[in-house]
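Let me begin by presenting the structure, written as structure tokens, before commenting on it.
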Amino acid sequence: MNLIVYGTKYGSAEKCVDKLLGALKDPTDVCNIQKMSGIDLGKYDTVIIGGSIYMGNIQKEIKTFCSQNLEVLKSKKIALFICCMQTGENAYKQLENAYPKELIEVAKDKKVFGGEINTKKLGFFDRFITKMVSKASNSGLPSLDKEGKASLILHDNIEHLASAVNS
30 MNLIVYGTKY GSAEKCVDKL LGALKDPTDV CNIQKMSGID LGKYDTVIIG GSIYMGNIQK
90 EIKTFCSQNL EVLKSKKIAL FICCMQTGEN AYKQLENAYP KELIEVAKDK KVFGGEINTK
150 KLGFFDRFIT KMVSKASNSG LPSLDKEGKA SLILHDNIEH LASAVNS
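Under my numbering, think of the first position of the sequence shown as 30, with each following residue one higher.
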């Protein structure tokens, strides 16, 4: 049995989890770590952990979950993902920094799922920063459309992680 533990700020990670869930063969429980605690990992063979990167960091609840359950997690089949708007090497550096080194080393697969921005969902400060950063030519972020949206969800990476877990 699988467990997906994830954190999200504005919904991108949740959207990716929904797609991942549809590609997994085995029964899978899903836990938004920001809404649940005290997860019993004993009944799961595989644990998929993910979250969104915001201001360079994954959700603190994901970090806490990983550190508090490190020894148990190392004994499981593990897969890791992040959602972020960076691409290429920068995105994989964020993934490496999001999780304890011990989990990175034992993970069956690690993927960057990309992300999306919808400025209508953001608070004032986040909306302001996002618009400023997206206008910078060297930010690596996509330009926002006229509705204030941009999407870089990497559907192939979601499918590849599901295939690794299914094998």
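Backbone N, C-alpha and C fix where the C-beta goes; we use that ideal spot for every residue, glycine too.
Boundaries of the alpha helix (DSSP H) in which residue i is found, first to last residue
i   : result
K92 : 89-97
G36 : It is not in any alpha helix (DSSP H) - G36 instead sits in the beta strand (DSSP E) that spans 31-36.
Proximity of residue i and residue j at Cβ, strictly below 8 Å
i    : j    : result
N126 : Y73  : no
L181 : T93  : no
C112 : A191 : no
Y39  : L151 : yes
K44  : V76  : no
L50  : V59  : yes
G80  : I91  : yes
Y128 : C95  : yes
I158 : M114 : no
Beta-carbon proximity list for residue i, same chain, < 6 Å, skipping 5 on both sides
i   : result
I78 : V34, L109
Residue i versus residue j: straight-line alpha-carbon distance, rounded
i    : j    : result
K103 : E176 : 43 Å
N86  : I133 : 16 Å
H184 : F142 : 7 Å
K64  : A179 : 27 Å
D55  : F154 : 41 Å
T148 : T37  : 15 Å
V46  : I187 : 9 Å
A136 : N61  : 20 Å
K48  : T57  : 13 Å
L124 : V101 : 21 Å
Continuous beta strand (DSSP E) stretch holding residue i: start and end
i    : result
L183 : Run containing L183: none; DSSP gives neither H nor E here.
E145 : 145-147
Close-in-space but distant-in-sequence residues of the same chain around residue i (CB under 7 Å, 5 per side omitted)
i    : result
L53  : N31, A191, V194, N195
E131 : L99, K103
Same chain only: Cβ atoms within 8 Å of residue i, ignoring 5 sequence neighbours per side
i    : result
H189 : D138, K140
Residue i: CB within 7 Å of a non-hydrogen atom of the ligand SAM
i   : result
L53 : The ligand SAM is absent from the structure shown, which contains no ligand whatsoever.
Give the list of continuous beta strand (DSSP E) stretches no shorter than 3 residues that lie fully inside the segment 100-139. 106-112
Ranges of the alpha helix (DSSP H) found wholly within the segment 31-72, counting only runs of at least 4: 41-52
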